Structure formats: C-alpha cells, structure tokens
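First to last, the protein sequences are chains A and B.
712 is the number of the first residue of the first sequence in the working numbering; add one for each residue after it.
712 is the number of the first residue of the second sequence in the working numbering; add one for each residue after it.
Built from N, CA and C at the ideal position, the CB exists for glycine as well.
None of these values were measured; they are calculated from a predicted model.
Number of protein chains: 2
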Amino acid sequence: MQNYDLKHEVTDKYSLRGRVFNKIREDILSGKYKENDELKEIAIGEELGVSRTPVREAFRQLELEGLIQIIPNKGAYVTGITMEDVKDIYMIRSKLEGLCAAWACEHITEQQIEEMEENIYLAKFHAERGHFDQMSELDSRFHEVMYEACNSKMLEHLLKDFHQYVQRVRKRTLSTIDRSLASNNEHSKILEAIKARNPEEAERLATVHIHNAYKNMVKNGLKEAYNE
Amino acid sequence: MQNYDLKHEVTDKYSLRGRVFNKIREDILSGKYKENDELKEIAIGEELGVSRTPVREAFRQLELEGLIQIIPNKGAYVTGITMEDVKDIYMIRSKLEGLCAAWACEHITEQQIEEMEENIYLAKFHAERGHFDQMSELDSRFHEVMYEACNSKMLEHLLKDFHQYVQRVRKRTLSTIDRSLASNNEHSKILEAIKARNPEEAERLATVHIHNAYKNMVKNGLKEAYNE
DNA sequence: CGTTGCATTATTGTATACAATCATACACAG
DNA sequence: CTGTGTATGATTGTATACAATAATGCAACG
C-alpha cells in the first residue's frame, strides 16, 4: 500500500492500461496471483491481448499501490502482506474509521442513512441464516457508504484503499454467525450515533468496531488464512 | 490522495523513470509547476533528455500520488489542493501522528531519541534567532524520525506521503517566532512522553500538536499561501 | 455576425524494435 | 568435485513508429 498515500485516482476504466491495471489488481486480491509470484510483461500482455506498454504502465501503478514490487531489470513480484502489516492496517483503520464516522454525522444524506438502514436489516437476515458471502458483501457496502458519507474525498479514498488491501486476507474471517450478528449490531449502533448527530460517540463506536473485527480475525483464522 | 494508498515503494532512483518521477514531483512541490498546468510528455522528455516512455510511466505514478490528474487522450494536469484537502490532511495526520507517537514509545531506539533531543536543542537555537528555513528543515526531520521510530513501514510511509503532500502549501506557515518556539516546545513534550514510555500521553500530545499546527496555519497565511 | 462542419495539427495511446541487464548453464581449471 | 568464467538466453529498460483521439482554425452557410 503501499501506496499508501494519498492515493488517488479513478483509474481509467476504458483504456487498455486501465483494464490491465484492474485485471491484475483483481487477480492479486482474489488470490489468482499469490505472494512472490513473478509477473511477466509479455505473458500478461499476451493473456490480455495487448502489448507490453500498457502492461508496464499498469505495473508502475500497481507498484505504487503496493500490490507488486518491481526490482529493476529483474521483474515484478506480488508483494506479501505480513501479519504485522495487517495489524498496522487495522489499527490505522480504526482511527480513520472513527474520524470518518464523526465526519459523517455532519454530512450524511437521508439517502445514505436509508441505504445503511436497509443494509443492516438485510445483514441481519443473512447473518441468521449463515449466508456468509452476502454478509461479506453487505459489510463492505456498509463501510463504503460511510466512507462516502464523510464528505472527504481524501479520507474516502484512503479508507477504500485500506479496505481493499486487506481483502486478501479477510476472506473468511467474518464467518461465524456470532461475529456476524455482533458486527451487524455494531453497525447499527454506529448508525444510531450518526443519526443522533453525536460525533464523539460515533467515532468511539466505529473505532471499537474495527478493533473488534481485528480481534475476531486474529482469534479465528488469521494464521490459517494467511498461510494457505 | 491519491492515493494513498498504502503507497509504497522507494521509487528507483537510478532508472530514467525514477529520475523523471522525482524531478516532476519536486517541481510540483516546489511550485515550478502550478495548479492546472498542463504537462506534456514530449516537452518534459526533451527537457530531461529522455523519450516519452519513461515520462509516461512517471506520469502514471504521479497520478496515483495525486499530484497530477490524467484525462484520457487529453493531457496531464497538476492537481490543485483545496483548502478542504489541507484541512482533511491535517485532521487525518493528527490522528495518525498520535498513533505514531504511541507506537514509538515501544520501539524507539536510543539513537533516535538522541537525534530528536539534538533536533529540539538546535531548533530552539534557530527559533530564537528567526532562522525559519532551518526551523522548517528541523521540524520536518523531527517528525521523520518519529515516523521511523514507530516501527511500522505502513504508517511511516503514509505519514511521509501526507507530510510531503502538504509541503506545497506549508511553505512559510511556521514563520513566526512565537509559533516556532511553541512548536518546538510541543516537540519536547512529545519526546518526554515517549521517553517515559507513556503512549496515551504521547498520542494525546502529538495529536494536539498537529491540531495546533493547523490552527496556526489557518490563522496566518493559509489563504495567502494558497492563493498566490 | 454568429454558428456549424470539416480539415489540419497537436497530443496522447499503443505497438514494436533495439539496448541493457540479469539469470542460467556449461566448460574448464584447480 | 568444486568453483570460476564465459556464453547464451530471457526479461526488462528505453526509444521510436504508427494509430486514435481531441483541439484549433477556417470556411461556408444561415
């Protein structure tokens, strides 16, 4: 994340470079390319039917995103995420999600509130039935709406990046009914605080929520998820 | 920003692309290229004596860093920083510097402590004499050492990016003897807390320190610095 | 006089060719 | 048998050529 940063930009979706970038990124995040895999310009270019140029440009961006590491004159390798990285990200996220929730108190729209309420309602339904894929999807979406609601492109982008970045290891760490219900309950409390326009409480709850998510992740399955 | 990402990597210093990247970045941060300036691949390539290829790759990275915006088939433009961006960055930084200071309590080395003490001592000297350039340099360095002391590559990189990003508007906002002395005093207090291995206090002080820096920035000169 | 359409030009997007660098294998010397 | 040196191949780094797209200016028309 490398690329941490102030990371920016909506990478162009319709240029070859943009498509290559998104494709490789997805493949890394989904696990098709694994840690330390070597990515070769020609191979990927042929696979996608493009020349090396757009592939190279995409590589440069992926490097800045921290998804790959480029060793000059040698090659591009998928970067690993250490358990320390994951921990760091969660600690950083907990602070920033808190800030985000606080800001959302001021800027959230009615429409966004409605979406979050619906999200919580749906999540409860799926959680009780153990539909973990839907849960994961809804969880991501809940946070995404909150990111948008904080009305800061800067913070929104940052949080989206972090969120995406840990997807690689997050896969099945929400996967117990207990945690799903608890998590959804926390979402509900956060939204209540935001609706009540209580930034301190919203911040506190959001911060704790991420801490809990991390604790749960460590408890059941970070190691396994990480080593597989 | 852009980016943020979790932005990574030490961009290669010796490849053409790396040199082009650093050069353009410096020129943007130093103000040579101003907001909304259009950067043309050929012109920059000729200026640096390289072809378009490395320039293009550098552009893609700068886009992700948030320093330029690329409009497909049109051009690359230096992005502006709005006053909202600056505020957001300072609020985000205040949280993260707090986290950084807290972590530093556990991981700081004797050598780093010494450098920070020396830094504070020197800064006092220069602050009293109105040597603002040296002050600015020392201020940056103080924070940099703390970033390194937190022992998280992730957080370190993130904070360095933010720090660099606001350099554009930070130019002369430390430029009063009063604020210089106060700021240095705050540094001293932060270091005391770190040395006392008191993460809560270190976090609180570091957070307040950035808030104060922002308040000072707004009070005297953000608007002017920004509009010039 | 203003507006629309087209032609021209400039600039970026992509592909390819060549140069530089690195990895590998093999031969040879010790 | 081991280690070193060299030659070969593969891969990336850079430059350039060509294609696609957007901006500009001018002319024709209303």
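Rounded C-beta distance between residue i and residue j? I'm assuming under 8 Å.
| i | j | result |
| --- | --- | --- |
| L810(A) | E914(A) | 7 Å |
| L866(A) | K806(B) | L866(A) to K806(B), Cβ: 10 Å. No contact. |
| I739(B) | V789(B) | 6 Å |
| M857(B) | A815(B) | 6 Å |
Does the beta carbon of residue i come closer than 8 Å to any beta carbon on chain B?
| i | result |
| --- | --- |
| D748(A) | no |
| S741(A) | no |
| M865(A) | yes |
| S726(A) | yes |
| I888(A) | no |
| I800(A) | yes |
| D844(A) | no |
| D796(A) | yes |
Given a threshold of 16 other Cβ atoms within 10 Å of its Cβ, counted over all protein chains shown, does residue i qualify as buried or as exposed?
| i | result |
| --- | --- |
| P765(A) | buried |
| T793(B) | exposed |
| D850(A) | buried |
| S891(A) | buried |
| A769(B) | buried |
| E817(A) | exposed |
| E774(A) | buried |
| N784(A) | exposed |
| E859(A) | buried |
| G777(B) | buried |
| L717(B) | Here L717(B) scores only 38 on pLDDT, less than 50, and its place in the model should not be relied on; the value that follows carries that caveat. That one is buried. |
| D889(B) | exposed |
| K864(B) | buried |
| S741(B) | exposed |
| D844(B) | exposed |
| I782(A) | exposed |
| A834(A) | buried |
| R840(A) | exposed |
| A907(B) | exposed |
| S899(B) | buried |
| A838(A) | buried |
Between residue i and chain A, is the shortest Cβ-Cβ distance under 8 Å, so that the two count as touching?
| i | result |
| --- | --- |
| D738(B) | no |
| I921(B) | no |
Going by beta-carbon coordinates alone, are residue i and residue j separated by less than 8 Å?
| i | j | result |
| --- | --- | --- |
| A787(B) | E749(B) | yes |
| E752(B) | R767(B) | yes |
| F873(A) | R804(A) | yes |
| N895(B) | I831(B) | yes |
| A917(A) | A812(A) | yes |
| R771(B) | Q772(A) | yes |
| E912(B) | A904(B) | yes |
| I901(A) | Y801(A) | no |
| N923(A) | T887(A) | no |
> For the region 803 to 819 of chain B, which residues have a beta carbon sitting closer than 7 Å to at least one beta carbon of chain A?
Replying inline: Taking 7 Å as the Cβ-Cβ cut-off, the region 803 to 819 of chain B approaches chain A at I803, K806, L807 and L810, given in chain order.
>> Under 7 Å, CB to CB, which of the residues in the region 751 to 783 of chain A have a partner in chain B?
In response: Residues R767, E768, R771, Q772, E774, L775, E776, G777, Q780 and P783.
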